[in-house]
Structure formats: structure tokens, C-alpha cells
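Chains as they are written, first to last, in this note's numbering: chain A, 1 to 386; chain B, 1 to 593; chain C, 1 to 153.
Yeah, the Cβ is synthetic: ideal placement off N, Cα and C, and Gly gets one too.
Given the structure is predicted, the values throughout are model-derived calculations rather than measurements.
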Amino acid sequence: MKNKGLTKVDLIFESTDVRKVMKKAFEMTSNEIIEQILESGLKGRGGAGFPTGLKWKYTAAEKEPEKYIVCNADEGEPGTFKDREILDKAAAKVYAGMAIAGKAMGARKGFIYLRGEYRFLLPQLYVELHKFHKLINEIGYDFSIEYRMGSGAYICGEESALFESIEGFRGEPRNKPPYPTVSGLFSKPTSINNVETLVTAMMIIEKGAGEYVKLGTKDSRGSKVFSISGDTPIPGIFELELGMTVQEFVNEFGDGDTKAVQVGGASGFCVPRKKFSETIIGFEGVPTGGSMKLFNSSRSMYNVLHNYLEFFTEESCGQCTPCRVGCQQLYKGIEMVKKGESKSTYLNELVKLADTMKVASKCGLGQSVGNAFRSIVENFREEIIY
Amino acid sequence: MVTLKINEHEIKVAEGTTILDAAKKLSINIPTLCNHQDLCVAGNCRVCVVEQKGARTLVAACAMPVAEGMEINTNSLKVRNARKHIVELLLSEHRADCTKCYKNQNCELQTLANEFSFGEHIFLDLVAGRPYEIDRSSPSFFKDDSKCIRCQRCVRTCSELQHVSAIAVANKGSHQKISSFHDRPMSHVVCTNCGQCVNRCPTGALVEKTYIDQVWDAIYDPEKHVVVQTAPAVRVALGEDLGFDPGVRVTGKMVAALRQLGFDSVLDTDFTADLTIVEEGTELLTRLKKVLVEGDQKVALPMFTSCSPGWIKFIEHKFPHMLPNLSTCKSPQQMFGALAKTFYAEKRGIDPSKVVSVSIMPCTAKKFEADRPEMRSSGYKDIDYVLTTRELAVMIKQAGINFLSLEDEKYDSIMGASTGAAVIFGATGGVMEAALRTAYEIITGRPVPFTNLDIVPVRGMEGVKEATIKIEGTKADWKFLEGAELKVAIAHGLVNANKLVKAVSTGKASYHFIEIMACPGGCLGGGGQPIPTNIEIRKKRMEAIYSEDTHMAIRKSHENPEVVAIYKEFLEEPNGHKSHKLLHTHYVKRESY
Amino acid sequence: MYHTGNMVKELAEKHGRKRESLMPILQEIITKHNYLTDDAMVAVATELDISAAEVYGTASFYTFLDTKERGRNVIRVCKTITCSMKGKNDIISTLEDILKIKVGETTPDKMFTLLETNCIGWCHKAPAMLINDMPYTDLTPETVIDVVKGYMR
Chain A
1 MKNKGLTKVD LIFESTDVRK VMKKAFEMTS NEIIEQILES GLKGRGGAGF
51 PTGLKWKYTA AEKEPEKYIV CNADEGEPGT FKDREILDKA AAKVYAGMAI
101 AGKAMGARKG FIYLRGEYRF LLPQLYVELH KFHKLINEIG YDFSIEYRMG
151 SGAYICGEES ALFESIEGFR GEPRNKPPYP TVSGLFSKPT SINNVETLVT
201 AMMIIEKGAG EYVKLGTKDS RGSKVFSISG DTPIPGIFEL ELGMTVQEFV
251 NEFGDGDTKA VQVGGASGFC VPRKKFSETI IGFEGVPTGG SMKLFNSSRS
301 MYNVLHNYLE FFTEESCGQC TPCRVGCQQL YKGIEMVKKG ESKSTYLNEL
351 VKLADTMKVA SKCGLGQSVG NAFRSIVENF REEIIY
Chain B
1 MVTLKINEHE IKVAEGTTIL DAAKKLSINI PTLCNHQDLC VAGNCRVCVV
51 EQKGARTLVA ACAMPVAEGM EINTNSLKVR NARKHIVELL LSEHRADCTK
101 CYKNQNCELQ TLANEFSFGE HIFLDLVAGR PYEIDRSSPS FFKDDSKCIR
151 CQRCVRTCSE LQHVSAIAVA NKGSHQKISS FHDRPMSHVV CTNCGQCVNR
201 CPTGALVEKT YIDQVWDAIY DPEKHVVVQT APAVRVALGE DLGFDPGVRV
251 TGKMVAALRQ LGFDSVLDTD FTADLTIVEE GTELLTRLKK VLVEGDQKVA
301 LPMFTSCSPG WIKFIEHKFP HMLPNLSTCK SPQQMFGALA KTFYAEKRGI
351 DPSKVVSVSI MPCTAKKFEA DRPEMRSSGY KDIDYVLTTR ELAVMIKQAG
401 INFLSLEDEK YDSIMGASTG AAVIFGATGG VMEAALRTAY EIITGRPVPF
451 TNLDIVPVRG MEGVKEATIK IEGTKADWKF LEGAELKVAI AHGLVNANKL
501 VKAVSTGKAS YHFIEIMACP GGCLGGGGQP IPTNIEIRKK RMEAIYSEDT
551 HMAIRKSHEN PEVVAIYKEF LEEPNGHKSH KLLHTHYVKR ESY
Chain C
1 MYHTGNMVKE LAEKHGRKRE SLMPILQEII TKHNYLTDDA MVAVATELDI
51 SAAEVYGTAS FYTFLDTKER GRNVIRVCKT ITCSMKGKND IISTLEDILK
101 IKVGETTPDK MFTLLETNCI GWCHKAPAML INDMPYTDLT PETVIDVVKG
151 YMR
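Below, the structure written as C-alpha cells:
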């Protein structure tokens, strides 16, 4: 796979005439919108990477007249903070993206589930929302948006847990099927999309899928907003074309002493220095919802893993066995190995457990704990033991 | 229909069938824990994971519907490894003191551990480091979180079947637990003590509070005269714990076993069930008369039955404004208790302070009921110990009695006579049927106009049942009821009770008389009955109850010879002065949490 | 402890009495009082006609819907990896020093509660914390004192 190098892009934050884009979209048929999104190859920007066009297509196909578009702004993955920035700087584009998605699938109602940690943004978001409702009224289109707040629960970023939370319950993921496109929020067909996905979709409608596919690679089309933190001289939010290698990324953002990059947050993968050159950031390599954390040689990867496992032990919803108990076993297990109270070979048992969690957990949280665990233990085994 | 393959066997099943149910049809057993036939699908224990060809992850067989062309392997290496891990994980957060545990050999986790996990445990023990305390506050059951595997069957039971939700899932992650309102003791929350959660707990996290040792002590105390009463529903379920299939009546064997255990007198709650009918029937007719003839606005109708202590506590918590609608009659257990230490002791010439009154009940709420401060009208604690059907089975096993080979024996007298009407108290609709058999005859002098006395409309497993009986040809005293239509309703399971009471309290429905039982199916599905329980088992117990009724010589409460005699010798008249002192009670408003 | 009074009834009028109203009602109580008393939870349960255990079960799932008594200002210092790498411990010990409480505790005058929390989305400006809803970032032991003093009045 040829990689695309490191190119900065300005798509998400550039100023746009949202009125013009919405009017354009509202004049298109549902199918035309969906076709554009499908053609663009856009995949969900929250991390899981499901093709956005397909999600809209499935929801559009449902006969039920009441449907919802839900914007997932429960950005909780450690190391991710780009959705906050997008809402802060480009809320109008998020709202417009929702209206366009609504048009595509036949939803008149949108909800934004905003994490409780970002409640301070709410006053300004309401000002923008008021403007949006006025604008859409002027255009003469029937669509409205409501905010729903989270209250400090990472798992509510999981789509069905998010629905449960909006419905007033504990944020516990549901059994799937049925999938949200069939039975989502309030048991109605629902498309749930990440903040950035909605803005990107809107920009695709503005510029056309043809323009968008010029960016990125076959499996990872377009550009993406990255949240960059850790041992870097320039932490922050950067929009980059997809397709670069970790090495290219480190060349730009590293501090000269980078020994590992955690791609995709605590539920993502740890890429060690020796694999920087061969690893592409994207669906052909390591996928990410945008979280990029750099670690230099002063950092203990045991501490990193320990911190992640503490996070999962606390943030697991607790309903399914592999995740609830598995997280605790991994967390306590590496402590015991570190203290020398368990043999180092116990790590092998824990890796097997992480594999079980990957295949047997009820939702994506439990299924992805093994990513960080395996990639850190395999690449930094000595640091975990000694 | 959908065609799929499970372990290479092709099968056609209806759309919407789960993999678990499809596998059952092929006699392929997939282990489960959180799954329970009576409850909605949870899919959270993950013990039932199976491999679906082409799927990225394993899938939960209990939650995954079949799809055309699906290929499932229930026993691949991937499945076995995952399942073993899951069982190990559950064991690591479970206090496995199996040999000391009340549920030893009756524990679903233990059975799975037997199949999947032997030798050394792989993972760290997570129980030791946590400050678990057993909640012993309820007189009916213990809650031991250190044995809880978070399957949430109890939570779903309390919510879906009982509409109580005295317990819910609290916290998240490693702190997740099953909790009452803000961790209050179970004795201080809306819990009705119905024990349905106990019936469905796969481990020893929820078990009845047992009084077996106290009863043994009383039996072996030469100073004490120990009487035992047996509730109607016990005789159709006890066998399940002692080697019989569900639905076998073991009345005679049970009496024989109780005698062998050493009880001084083996008596029948049926006797006071019949007495309840006479008292409660009279109360109903009196209320009707007061409202219809005297126009007394203070008298509350419809009248609710009051035999089910779970239901009583439910209404005390949730609908305290409806308490005047409850019959003031004590339950048969408590009527029996009050009479055992008065009438019985007097007749037998025994010092009532030496009488120990034990009851065998299908119910855990009866333990709470016996402890109510109102239940001391004999001057003593009317019922000393309540044992569940399960506890009686344990005592029979402890005593080394070969239950299967026992010869049938008969109850002692006095307070041992029964009728078919009393037996059917054990099934939902039974109290209503018994009451109608008697009331109709009091009013008209003729038997109820149903073939063979079987009032079929009030029978069966429907959640809420209704019936209307037209009263014609009344006797002189009851002329005001001539041509009247007596409207009755029946609910079982508190979720249904809640619906019915709400409809009544908001004026959406109106009846004269309502029977409510806290447990699904009535007492036969009580919280003290043998485990497991499901709709098939409860139906079999129900068939056994009606078959027992059919086989009784006397089938109307007011014809119970001992009932007739006790009014003559002791009580004088229904709802009379002595009845009010001994057989009736009052209720208290309780908090809503 | 605060007095529940008519607050819950008014909130139920405002947000409705469906199950989906539960979160907005609890969140608004938190905005006003920082934690949920047992009385408040029982009142919510009564208004929504659900069990109090369910209200507690739901509230206790969410880190910010505290059911333990909290001070007027709740400080939540992020403890996730980047903040942890960038000096979270120094921030905590500074706060413990000036407030004279440990993590998890509330000052005797009920002005401050000090807690740790999981990632709050300011990794590029670590270490960070929230005081009530307000984020404070790029903290140093010096700046955190100034921030907290601003809340002391």
C-alpha cells in the first residue's frame, strides 16, 4: 500500500455557507445524498469506522415514519478531544450535517448527546442552535434538534448505551441485533453518527464526493481530525489527510525520543518504534477515532497500561462477565506480576483472557480492551515484568 | 421459517427463534446462567456464547435470533476456551465456600464449574479484598453479595414479574452490584419478601432465612408440644425436591414424613383456609349490604383478599389509600396460629405457652407475616416458625426418611380437616372459586351454577381474570342482591396486581371482589417452592391442585365439619366477637422506597 | 444537606414525568446542589412513578450524579494517562494542602469536595481539572492555587 504522506487539510473548521449547503442538500433526493456519501467512502469518525452511507441507506430503507438522527458527542476515549473543538468552533456545521442526514433518511428529529464534561459549552451551543432553527425555518424545512446530556460515563459513547441513557436508564449496551438502523432510540430506526462524521458528510455534499475521494487511500478516504497529546512539543488538534505512516506522524509531532504511539486511545493499539515505518494510520493499519498519544523513552509502559486498565475497570458498564471481571483480572494481574507475586508466565494467561474478552464481551468496550493490552504486553513485556 | 445449521445438523425454525431455542430442538445443550424462561433476555453472563461462521466475535445464543443460512458451532475450541474463561471469571468474584453453602448441590454456578473448571483456578480471587456483608435484616431471606454473579435475574424478577424493583443494578464497572435503594437493609425497603428472586437466583446470593435448627430444637424439647400446619400448595410441589416429577401430589406421604420427623400433631392449613372463606365471605356480604342497603359511604368496595402476605406488604407500600379495601381477615396461616394457642390448646388441655406452632409454607413472605407485631392475638407469637417447602424437604433428607416409599397417612384432628375448596387456595383464582362456592350458596341456598362446582372462568394462568356471576333466586335475607351481577377479578404476580389495582383506583374498572396473589400462578408458584420454577412446572402443580380438589369428598368450605364445629363450640358466629379478636387484623401504611 | 421541598415537583413539571425525563431532572438537581439526597431521589421516584432503587441504580451509574454529600464546589482532577504523565499528582497534593482534605473528602465548611475523574478531554492541555462544569487546563501547582482561591471568595 502506497502511503500518502502527511498533508494538512482544512475541511472541518473552514468557514462555510451552511445555508447554501443545506439548500443544496434539501433539493437533492434522499438517494442522491446517500449515493454521494457512499461514493465518498466516508467511514464513521468515532473510531469503529462503519461506512456512513450504508448506515444512512439502512435507516432510510426502514418503513417506520418516525426516525431519528443522533449525534454522538459523548467523546470519552482517552486522548480524544477533537469533537469538543468541532462543536466549539463549528457547531453550525454539525447541525447542518444532522439536517442533511435527516433529509437522507427521512428523520425530522435530531438529538445531540453531549458528554457531561463538556457542559460548559452548552450556553454557546444553544445560541448557535437557536440560529440554526431560525435558519432552517427560513429555508422552510422541518427539522429540529435537542440536546441530551451525559453525566460521566465513558460507555455511553457506545451507541446502544447512549440510547439507553437518553431514555433515562443506566448506559448499558443492548444486545444486537436489532441494530440501531432498525430499532435504535425509543425503538425507532436511528442513525447515530459521530460529530466529525456529520460535518464531513456535510462538506462532501458541498464539495462533491469526487473531490473528497482525492484525499486519503482506498480503505481510508479523506482526511481526519486528530487529537494529539502526550510527549509532543505541539499537542493539539490537527486535520490531516489519511494514509500516513506512524513514522511520518512521529517525524512531525514527536519530540525526537518517541518510543511508542498509542493510536485510537485506551481502546486502540500501541505501536512501538520498530513498527513506525510499516504501520499506516487508517483502516488498512491501525484505525483511530483521532486519538494519538506519543510516549518518549522516559515513560514506563507499565504505568501506561496500568492507567488504561484502571480506566476500563471503572468505566466498564459492568453487566457482562468478560468485561466486568476480565478488566479487574487484567488490572490486578499485571500488578501481581510487577510485584513478583505472580510468575511472569501469568502474563500469557492474561493475554489469552484478553483474547476471550475480544470475542465474548457484549459490546465494543470489552471487545477492545484486549487491543491495548495485547499490543503493550507483546511489545513491552520487559517493562511490564521488571 | 428459517433454515440454519447447528453443529452440522440442519434445522428449520420460526423466524425470531434464538439460537439457544433452536439448539434445544436438536437436543443440543448450551449452558446458560442469566437466562431464565420467565424473564426477558439479558445476554450478559456470556456463558452461552457460540461460534457463528463468518462472525468476528462469538455470539450469545440466548440473545441472538436465527438467520437464514446461519452456521453455528456450539462446541468449537474457541467456544470452549471462552466458556472456560467466563466460568473462571465468575468463580473469581464468587465466594466459593460450597460445602458450607445453603445452595450446595443446588447451584447453577457449581454445576457449570463442575463441567468447565477443575484443578487450579487460573485467576486471582477478587472476593477476599472486598468488604462484603451479608444482609440478614429480612426475616424471609439473606442477601449475600459475595456470592452474587450479577446475572440480574433477581432484578428482572423484581421488576418484570413483581413491579416492585426493591432491588436494582447500582454503580458501574468493578463496583457494579445489586442494591436496594441506597444500600438500605432489605427489611427497610419496599421488598415484599415474596421470594421470587430467591426462586430464580442461580447461586447462594439470595436464599431463604432458614429456621430448620430452631424447629429441630423444639421437636426434641420434651417440654414443648409442636404442632405443624401445611399449606395447600406444599403438597403438590414437595415431591419435586424428593425425587418426584413436577405435578405429583404427595399429601399422604408428606403427612407421614411430618409424623416421622416428630411433630406432635400434624394439621392442615386447609382447615383455616375454609374458615377464611366463611369469615371473608361473610365480610364481603356485610360490606355489600352496608353499601347497597344502608348506603354507607365509608365502606370500601371492591374488597381485596388478604391471604397473600407479599400482596399485603405491596399494597401497604404502594397503595396505602386502598388499605380500607383489604379484607380484615388474617391469612389462613395466622388464623391457624391464633387458634392453635387458644382453641386447640384449650381443647387438648395443653398450656399454650408450651405450644410451638410451625407452618410449612410455599412462601417466604409468610416468615415476615408471622413476625408482624399484629400477629400475637393468642397472647403469644401466634406462629413460631415458618418453613418453606424447600426447608421441609431438607429436614426430611436430614432425618434419613425414604420419602418415595412412605405409606400415605392422614392428618390429625382437631384442625386437620380439609375440603376441595381449601386445597384450591394454592392456585390463582382458587380463593375466589372457594368464596363463590360458599357465598352463592349462602345467598341462594343452591350450589354455584357451574358443572361439578368447577368455576372455570376464574382458573388458569392468565395474568388478570374477570368473571361476572348473576345472582338469582335469593333467600329472604339477601333479597337486595336479587338479579345483581357480582363482578369479580383475579390477579397473580404483583405486576398484574399493580395493573388491576391501578385500574380500580383510577375508576377505570369496577368490581365487588378481587383476589390477589403475589406470586405467579398463586401460592403454587410461591417463593418457598422447589427450584427451578417455570411456566410448565407451575402448570403441572396447578393441574395437581385441581385434581386434589376433584378427589375430595367435601368441596365447599362451609361444609368442612371442623369449621362447622368450631363455630358451634368456640367462635359462635362468623365475624363475631371472638373472630374479630383472633381472626381479623389491621394494616399499616409503609414508605414508598 | 439541602431541603428538597417543591424542587422535584417543579422539575417534573418542566421536564415531564416519563422515564426519559429522569436524567434531565437528576442533572438539574446536580447543577443546583452538586449531589442527590435520599429525599430528592425518593421524590423523583414518586413523581416518575418508578422505584427509588431504580432512581438510585441509574444515578449511581453516572459519575457526575453523586449520591454522596458534596461541597458547593466539586473539583474533579483528571487522572487519565496524559494528565497523569504531566503532573496530576503535584496538582492533587497542592489541592490537598490548601484545602486540607484528601481526595474523596469534603472541606468541613462544605465549600469544596476534591475528587479524581477519568479523561475529561483536555489531554493536549494537561494536567486539567473541572470545578463544577468549568474546565481548567495547563495547570501548575501555582496556577491551581489561584484558580481555587477564586472560588473561596
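In the structure shown, A:Ser160 adopts helical secondary structure according to DSSP, grouped into three states. Closest in alpha carbon position to B:Leu124, among A:Glu383, A:Tyr386, A:Ser342, is A:Ser342. Listed as beta-bridge partners of C:Ile29 by DSSP are no residues whatsoever. In the three-state reduction of the DSSP assignment, B:Ile6 falls in the strand class, which pools E and B. C:Gly150 is outside the set of residues whose beta carbon lies under 9 angstroms from a beta carbon in chain B. Taken in chain order, the unbroken stretches of beta strand (DSSP E) that lie wholly in the stretch 268-329 of chain A and span 3 residues or more are 269-272, 291-296.
Spanning the alpha carbons of B:Val13 and B:Thr3 requires a straight line of approximately 7 angstroms. By a beta-carbon distance limit of 8 angstroms, B:His586 contacts B:Glu374. Their separation comes to about 7 angstroms. Beta-bridge partners of B:Leu206 (DSSP): B:Lys143. Beta-bridge partners assigned by DSSP to B:Gln229: B:Leu267, B:Ser359. Against chain B, the beta carbon of A:Gly318 has neighbours under 8 angstroms at Arg150, Val169, Asn171, Lys172, Gly173, Ser174, His175, Gln176, listed in chain order. If you check the CB distance, A:Glu158 and A:Gly150 do not come in under 9 angstroms.
Close to C:Tyr56, with beta-carbon spacing below 8 angstroms, are these residues of chain B in chain order: Ala168, Ala170, Ser179, Phe181, His182. Taken in chain order, the members of the stretch 96-127 of chain C whose beta-carbon sits within less than 8 angstroms of a beta-carbon on chain A are Thr117, Asn118, Cys119, Ile120, Gly121, Trp122, Cys123, His124, Lys125, Ala126. From the listed residues B:Gln152, B:Pro139, B:Arg153, B:Ile134, the smallest Cα separation to B:Asp145 is found for B:Ile134. Taking CB atoms only, A:Ala153 has a neighbour in chain C less than 9 angstroms away. The stretch 518-533 of chain B makes contact with the stretch 384-391 of chain B: 3 or more CB pairs, one atom from each, lie closer than 8 angstroms. Here the C-alpha atom of B:Thr474 lies approximately 18 angstroms from the C-alpha atom of B:His512. Under the 9 angstroms criterion on CB atoms, C:Phe64 is classed as non-interfacial with respect to chain B. In the three-state scheme derived from DSSP, where H, G and I count as helix and E and B as strand, A:Asp355 is classed as helix.
Each residue's CA atom was taken as its position, placing A:Leu330 and A:Ser267 some 14 angstroms apart. Only Met64, Pro65, Lys78, Asn81, Ala82, His85, Ile86, Leu89, Leu90, Ser92, Glu93 from the stretch 64-94 of chain B bring a Cβ to less than 8 angstroms from some Cβ of chain A.
Fewer than three beta-carbon pairs drawn from the stretch 325-345 of chain B and the stretch 233-242 of chain B are found closer than 8 angstroms, and the two stretches are therefore not classed as touching.
Residue environment for B:Cys40: exposed (fewer than 16 other C-beta atoms within 10 angstroms of its C-beta). Contact between B:Ile545 and B:Leu571 does not hold, since their C-beta atoms are separated by about 28 angstroms, which reaches or exceeds 8 angstroms.
For a Cβ distance threshold of 7 angstroms, residue set Ser592 of chain B lies close to C:Thr46, ordered along the chain.
Bridge partners of A:Ser223 according to DSSP: A:Glu241. Residues of the stretch 219-246 of chain A with a C-beta atom less than 8 angstroms from some C-beta of chain C are Ser227, Ile228, Ser229, Gly230, Asp231, Pro235, Gly236, Ile237, listed in chain order. Membership of C:Cys83 in the alpha helix (DSSP H) is indicated by the continuous run 81-85.
Distance from the CA of A:Leu38 to the CA of A:Ile192, rounded to the nearest whole angstrom, comes to 16 angstroms. Rounded to whole angstroms, C:Val74 and C:Leu114 show a C-alpha spacing of 6 angstroms. Around the beta carbon of B:Asn575, a 10 Å sphere encloses 16 or more other beta carbons of the protein chains shown; the residue is thus reported as buried. DSSP lists B:Phe513 as the bridge partner or partners of B:Met303. Contact annotation for C:Val42 against chain B: Phe181, Glu591, Ser592, Tyr593 [CB-CB distance below 9 angstroms, chain order]. Residue environment: B:Leu20 is assigned as buried (16 or more neighbouring CB atoms within 10 Å of its CB, all protein chains considered). Closest in alpha carbon position to A:Gly116, among A:Gly168, A:Gly76, A:Ala99, is A:Gly76.
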